[in-house]
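All remarks here apply to the structure that follows.
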């Protein structure tokens, strides 16, 4: 449907025909072909690439830096809520998958199976597997089973609880139809696994981590989300209850951005996680798990990016700004570059600039951390490329701020600030450009981007009161469709078949009261959000 | 041989018989059984555990936090030298291993092989692999081949060079005899892969990264290392030249702590990494690779730890300090805990303490970051355990500083500081305990630990001038054995067979001049370091 949330003035307008030609070559518009636009944005920003292994992608530096920024921020939130990280093995014995009945249904059919522990040479100089394993090993699709096996050893008494462990890891689920970041055979994620004394504590943990995800999405990614509960047909196999955050993409499709599961005693029973309680009796621990993955990068792209390419929110952007000298004659270069270096020194500190000079000697892109704690960089672009090429280079990589400096700017002692998300241009005196000024810009733009995305989400959330209306809204991809609905696996299957739409969640925020289910007509006290989803 | 570099006063002496009994139960001494001591230290600190999958370990939170600290520091050094991170697939097509002839010799025999893409149920309710792959896939033992395949696509012109990419990843090499952290089937590491225009540039990069590793080891791990070149028989298969840093453990055995390879054009040829040069001709790129792994955790343990357990250097320690209230009567508790909280607020900031209170409500171990950028924490230990248990808890986890506070201390407005590595005890006024004071302690102790380890290394480096002396020194595990040696694969094989010793490196730091090879008697200008190695 190609909704265009921005009415931005193209920052490239001044470059005229040549610029337009370059753009046309790289990225199709959202309105002409949304799916192709998504892949073009990724390609132009060099975020990811297909690999020689079917279904697996290479996450290129621009894409991986986004994941690192997400990891850094999320990890701090996990630790602030008392969690610690660990690392569990990649491989799981096949028999483990059978211990939890629902779990095996969910994963058994799509796992990568290791059957041999080596290779040997064939007569014709080729290679073939050798050393067949007694029991096949599976590349983890998720790690509830391994955590369960270890927790049963580590937990003896209520004093060993809670166990609050997270891991950052790669997982594999063989997928037939893959899509960069959104659905790939191997992907990166974090999976938290906790064990508790009581059901209430586990429930508190499940909801606490859902809040952590929601705050992270809104504060750091500038992606507004709806918190809610999954219906029984959409929950994680093996969970008592699954909670989620759901985001809305620019094409009106929803994207599940994170899940948090109360697993009850399902895995404790399967793996015998028992403890001696305060009452001197044996009890089963209550466990939870929660995760987000590299598909968040897909959500980030589809929330903010525009027809010119990637747009990153400034709190997250690995490259916060690019300082771009612009000159036409060689004799102008020295003065312009000198001015650029003054700006770099003001924004990042002279000491950090000197250290980068020493350690990156000869490089055309000089990268300097803007701030000791954030890991965000400002880059001085010393390449001999034409201005129009540099313009698109930084534009397509989503860098929030560009500082452009030409000979006229040097004379005036000022520079041009270009803001990626809005296309806005500001003239700034060199003396104003302090770290505090930059920090202020970050806050301002971050807030504006969340507001814009929230406006989009809200204006694409519709309410319907009949099944016909629901069907039509889903077919037109009008976004989140809110309606009274009485949970029923059969009804959901039927609706999915007819509309491709699913219940994204039963939102925590309910209007109250009751109404008639759009499908069955029965009276119900719950409204749900339907949408077609990624 | 159980060398005991420390003459420390046992911090636990004051706890008397009970403490001694606890210690005896947990950790054997280095002199009685070094190998068992190593495993006991890991177990007592809960750093790692064996997993249900043979050869694979679980890195538990205490161990993983050490790896995270290493990652954080190394990653910053990589980025400061202009590198970026990416993520390449876990699986490699079998045919890739055959493209570089030496490479296949090095790895083909010990890789995990994925042959199926799913499971199916058997008639008796079990599971079996299904969906056999057309070509088996290998779990990466290292990723030169995949980087090679992608670099050949990404590199077209000299303007695309240098490519300076690192990845943090898990790798697998099936091992028959495993040992926690030092040799496990799956391990974590980073692998840098770079491509350059000229041989000289690649050589500069190879040595630059070796310097980064050496600085990291000495400044951050307080582990002194020797930089040098590997002989042809010890180098990485497929490399032109391999450089390494070698450390010496307390039992007189050496440990290779990092390697950096100049791969020449070996992988460019195999994967066709070609570029249009400044001279308008096609050239092969010159590539490098360099890596360190979780075996560094083994090196860290064996360099610093003592008979009481783990000892961590304060720049690295994830938990920098533990504040331990000590009281015998319930009515003393409130006053002591209040005083502890004052100390926490002074060291970490009142705001950070309040935030931890809110987010970790009810937890017995309250963890507060000491510093916004470092990710190191100070923990307030509110458990009701006996003081002796708390003593060993923190002692065995290697936490550099303990702040012990009892009712008498509260009266005097002071506390007892216990320094883990030396066993030293200091009495400190509460008013002195500022963040700057803590930072000063970190610098002081870090320096002292490196000095102690360097003294040990230097006093365990011997020089020999005959093969008999070499053999004896190696048999007695006297540490690094320096001698004149003329490189020869046959001589090295023979010496290894007779003594288990290998040439650890040809050190960069040479005495100069020449001498007679201890093995062949030939004149040579090179001295090497022999040692038995992990």
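Chains as they are written, first to last, in my numbering: chain A, 42 to 575; chain B, 42 to 575. Note that the Cβ used here is the ideal one computed from N, Cα and C, for glycine as well.
Nearest-angstrom Cα distance between residue i and residue j?
i, j, result
"residue 450/A", "residue 481/A", "23 Å"
"residue 565/B", "residue 528/B", "9 Å"
"residue 144/A", "residue 204/A", "22 Å"
"residue 188/B", "residue 324/B", "18 Å"
"residue 181/B", "residue 233/B", "15 Å"
"residue 294/A", "residue 575/A", "7 Å"
"residue 369/B", "residue 396/B", "29 Å"
"residue 533/B", "residue 387/B", "58 Å"
"residue 401/A", "residue 249/B", "11 Å"
"residue 125/B", "residue 348/A", "27 Å"
"residue 115/B", "residue 218/B", "29 Å"
"residue 75/A", "residue 69/A", "8 Å"
"residue 273/A", "residue 410/B", "40 Å"
"residue 391/A", "residue 407/A", "14 Å"
"residue 79/A", "residue 190/B", "25 Å"
"residue 266/B", "residue 500/B", "14 Å"
"residue 197/B", "residue 319/B", "12 Å"
"residue 378/A", "residue 389/A", "16 Å"
"residue 64/A", "residue 493/A", "Low confidence applies here, because residue 64/A scores a pLDDT of 49, under 50, leaving its location unreliable; read the following figure in that light. So the alpha carbons of these two residues sit roughly 24 Å apart."
"residue 558/B", "residue 506/B", "8 Å"
"residue 497/B", "residue 291/B", "8 Å"
"residue 96/B", "residue 227/B", "7 Å"
"residue 142/A", "residue 212/A", "21 Å"
"residue 170/B", "residue 168/A", "21 Å"
"residue 98/B", "residue 173/B", "29 Å"
"residue 117/A", "residue 166/A", "51 Å"
Nearest by alpha-carbon distance to residue i: which of the options is it?
i, options, result
"residue 193/B", "92/A, 217/A, 349/A", "92/A"
"residue 263/A", "341/A, 307/A, 212/A, 244/A", "341/A"
"residue 139/A", "186/A, 162/A, 380/A, 95/A", "186/A"
"residue 502/B", "275/B, 289/B, 349/B, 399/B", "289/B"
"residue 471/B", "358/B, 543/B, 381/B, 545/B", "381/B"
"residue 269/B", "251/B, 257/B, 458/B", "251/B"
"residue 553/B", "531/B, 524/B, 392/B, 442/B", "524/B"
"residue 373/A", "549/A, 322/A, 241/A, 448/A", "448/A"
"residue 330/B", "489/B, 512/B, 299/B", "299/B"
"residue 537/B", "556/B, 169/B, 560/B", "560/B"
"residue 238/B", "314/B, 99/B, 301/B", "314/B"
"residue 404/B", "312/A, 242/A, 488/A", "242/A"
"residue 131/B", "117/A, 508/A, 100/A, 567/A", "100/A"
"residue 77/B", "117/B, 137/B, 133/B, 220/B", "220/B"
Please look up how many angstroms separate the CB atoms of residue i and residue j, rounded, as I've assumed it's under 8 Å.
i, j, result
"residue 573/A", "residue 547/A", "Not really, about 18 Å apart at Cβ, beyond 8 Å."
"residue 164/A", "residue 236/A", "At roughly 53 Å, the Cβ-Cβ gap does not stay under 8 Å, so residue 164/A and residue 236/A are not in contact."
"residue 151/A", "residue 214/A", "5 Å"
"residue 364/B", "residue 429/B", "Their Cβ separation, rounded to whole angstroms, is 17 Å, which puts residue 364/B and residue 429/B out of contact at 8 Å."
"residue 199/B", "residue 247/B", "Incorrect: roughly 20 Å between the Cβ atoms, too far for contact."
For a quick check, are the C-beta atoms of residue i and residue j less than 8 Å apart?
i, j, result
"residue 89/A", "residue 438/A", "no"
"residue 1/A", "residue 440/A", "Lying outside 42 to 575, the shown extent of chain A, residue 1/A is not represented and no answer is given."
"residue 253/B", "residue 122/B", "yes"
"residue 119/B", "residue 201/B", "no"
"residue 112/B", "residue 230/B", "no"
"residue 544/A", "residue 275/A", "yes"
"residue 257/A", "residue 184/A", "no"
"residue 304/A", "residue 279/A", "yes"
"residue 539/A", "residue 512/A", "yes"
"residue 457/B", "residue 355/B", "no"
"residue 312/A", "residue 362/A", "no"
"residue 455/B", "residue 442/B", "no"
"residue 489/A", "residue 384/A", "no"
CB of residue i to nearest heavy atom of the ligand ZN: below 7 Å?
i, result
"residue 291/B", "Although the ligand ZN was asked about, the structure shown includes no ligands whatsoever."
Does the structure place the region 102–120 of chain A close enough to the region 336–347 of chain A that three or more beta carbon pairs sit under 8 Å? yes
If we count Cβ pairs, one from each stretch, closer than 8 Å, do we get three or more for the region 152–163 of chain A versus the region 157–176 of chain B? yes
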